[in-house]
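In the working numbering, the protein residues as written are 643 to 1234. Structure, as structure tokens:
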RNA sequence: GGGGGUGUAGCUCAGUUGGUUAGAGCGCCAGCCUGUCACGUUGGAGGCCGCGGGUUCGAGUCCCGUCACCCUCGCCA
């Protein structure tokens, strides 16, 4: 070991100790006769002093040192003179009086200094990720990630879960997200797919009798990216045998509790709040609502259908809904321009428009369409909304889906701009009883809401074929602050039900046999009831770290176009490689 | 694929109505400086104004196209 201590551990107790420190030069303050070097490593920063008591050679050498050089310093821990201690630094009471300085490696002037105050743009950070990762903030993020994953592993180990690795090279399934494909060299024209999740493998591990499985699993989905979505991401994948929904949720609640306690010092009461999917859509318009604030959606369809107001009437008569949000005290908080912006938001979400109404001191509505909502209809609406003078009311009249989308968008915007919640607060909850199926716009048939292996509620088993839309799944999503932080289901454990579901999804018996024959066989070979969940580790770390981007908790993330600015991946490959794989590329001709 | 934002010195940014030689802070280089910690101070170097085309006497600025990055809708079982 080249060093005796790290740059973060020396304190007044170490006074007089002879120490050796290694690290990066964070900053140099050259006062000619005395030179201060801030030495930085993973653990912190320590001030090194070269002064008049040192030889001219050492002083001269210290003068040449530049930021980001890697140096070794030997010296004595000394107290800083009165008035020169630095309370901002953990090591600020002491300094190391240098007796020996060795340059382990010089550094070219860095594109940016990790110790600088202003953050470079993300493009520069990603191109020079090794420099970006030297920044204490980024190191903190990765330490946090490590701690969270460690808690997860310990927690499940305590509960006798077994960590099993599953293949990266698997079989492509056209359902779900787009696959990342890997060509087979030994079987030209055939491809592996990288896992979207280890779903089937973990189910097979249950059928193999492992009972409790856990894995920190890398997953791949070739879909467009967002601030909280990367093409490759990490899930804490969990599966259990002989369980019902409540058992899986209970286990995860224990993990939430332990993580919140150890990471945030927060006591989370369990069981966590549970909302059904239907309730979520009615009250919040979304299946992962942020429950840190109110602004709940109120259904005004019955009240509005009695009105002569064309917009409301049309929506109600065509089977749509009239729904609104009351913004307490909102009447005076929004300018006309801001109300226009809210309208634009609603329109962007698919709504034909937004009705906004202010409740005047006299109790009447005012606003562009208020004249349509006078008298009894207006009174009924206000009563349903519990609207009081000074309130703002936003109403969307449209199909249920559109009203959900528009009102959810508005609710989110209002919650943030009105500061209705403490951004540092954390709220955990469950959303349960998801529909089994949703209409698939592409095929016109049914598509799995979760995945094709999800078990319906026992009560809905009969409705599976007669009324699929009504079927609810034994599914549960963990929601943190309006973010889907995990989701799971109880799985189908008998082949008959599984075949029924495949059929409903338009997967013929032959297709099912070809793609999932092994699963159907395994289901017939003594499959225990089982279920599980997958937690999005990247999102957990982002949320617990109160960060805005998933990229800040991933060491080497990709851009929105799924490229790696540091390595240049993806890149063209040599023709020889393609020949070996039996692949010919079709590059679109350059535009004229 | 759609909508929005950004792109000017190594970094962060300013740049007026189209007008002479494109600026600032930080960083870099050099000088001065024995207690600083975002050290101070003096001087200096450093520009494909993302790229291509156009309009114009004249373009960082206006127009068209294009690329990259970010946010977002679709998409993400």
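We treat Cβ as the ideally placed atom computed from N, Cα and C, and that holds for glycine.
Looking at residue i: is its Cβ nearer than 9 Å to the Cβ of residue j?
i	j	result
residue 1181	residue 764	no
residue 1007	residue 964	no
residue 984	residue 1060	no
residue 736	residue 704	no
residue 855	residue 847	yes
residue 1095	residue 1161	yes
residue 991	residue 1047	yes
residue 749	residue 711	yes
residue 852	residue 887	no
residue 945	residue 1023	yes
residue 1187	residue 1126	no
residue 951	residue 1011	yes
residue 800	residue 862	no
residue 1039	residue 953	yes
residue 681	residue 667	yes
residue 981	residue 966	no
residue 795	residue 880	no
residue 1028	residue 968	yes
residue 740	residue 716	yes
residue 1123	residue 903	no
residue 761	residue 1195	no
residue 844	residue 932	no
residue 1019	residue 1009	no
residue 1067	residue 1080	no
residue 783	residue 1183	yes
Secondary structure at residue i, three-state DSSP: helix, strand or coil?
i	result
residue 795	helix
residue 879	strand
residue 785	helix
residue 843	helix
residue 825	strand
residue 1196	coil
residue 1233	Residue placement at residue 1233 cannot be trusted, given a pLDDT of 36 that sits under 50; what the coordinates show is reported in the next sentence. It is coil, neither helix nor strand.
residue 650	coil
residue 750	coil
residue 916	strand
residue 1160	helix
residue 1059	helix
residue 910	coil
residue 899	helix
residue 1046	helix
residue 1095	coil
residue 816	coil
residue 739	strand
residue 729	coil
residue 772	helix
residue 857	strand
residue 719	strand
residue 1219	helix
residue 662	strand
residue 1180	helix
Between which two residues does the alpha helix (DSSP H) holding residue i run?
i	result
residue 685	Looking at the DSSP string, residue 685 is not in any alpha helix (DSSP H), and its letter there is neither H nor E.
residue 922	919-926
residue 1090	No alpha helix (DSSP H) contains residue 1090, which is instead part of the beta strand (DSSP E) from 1088-1090.
residue 999	Looking at the DSSP string, residue 999 is not in any alpha helix (DSSP H); the run it does join, the beta strand (DSSP E), is 997-1001.
residue 1027	1017-1027
residue 698	698-706
residue 952	952-959
Measure the beta-carbon distance from residue i to residue j and round it to whole angstroms, keeping in mind my assumption that it falls under 8 Å.
i	j	result
residue 920	residue 972	Not a contact, Cβ separation roughly 28 Å.
residue 709	residue 669	6 Å
residue 1146	residue 1088	5 Å
Which first and last residues belong to the beta strand (DSSP E) in which residue i is found?
i	result
residue 990	Where residue 990 is concerned, there is no enclosing beta strand (DSSP E), although the alpha helix (DSSP H) it sits in stretches over 978-990.
residue 1071	1070-1074
residue 835	833-835
Exercise for the section: Please determine if the region 906-918 and the region 890-898 are in contact, where contact requires at least 3 C-beta pairs separated by less than 8 Å. Expected result: The way I'd put it, the region 906-918 does touch the region 890-898; three or more beta-carbon pairs between them come closer than 8 Å.
Exercise for the section: Evaluate contact between the region 870-878 and the region 824-831, counting only Cβ atoms and requiring at least three cross-stretch pairs below 8 Å. Expected result: No, the region 870-878 does not touch the region 824-831.
Problem - contact_flag[the region 1155-1175, the region 1115-1130] where n(CB pairs < 8 Å) is 3 or more - result: yes
Exercise for the section: Indicate whether the contact test is met: 3 or more Cβ pairs, each with one atom in the region 829-839 and one in the region 810-817, closer than 8 Å. Expected result: yes
Exercise for the section: Check whether the region 689-702 touches the region 656-676, counting contact only when three or more Cβ pairs, one atom from each stretch, lie closer than 8 Å. Expected result: Touching, yes.
Handout entry: Three-pair Cβ contact test at 8 Å for the region 1145-1161 versus the region 1202-1209
Key = no
Exercise for the section: Could you say if the region 1132-1144 and the region 1095-1105 meet the contact criterion of at least three C-beta pairs nearer than 8 Å? Expected result: yes
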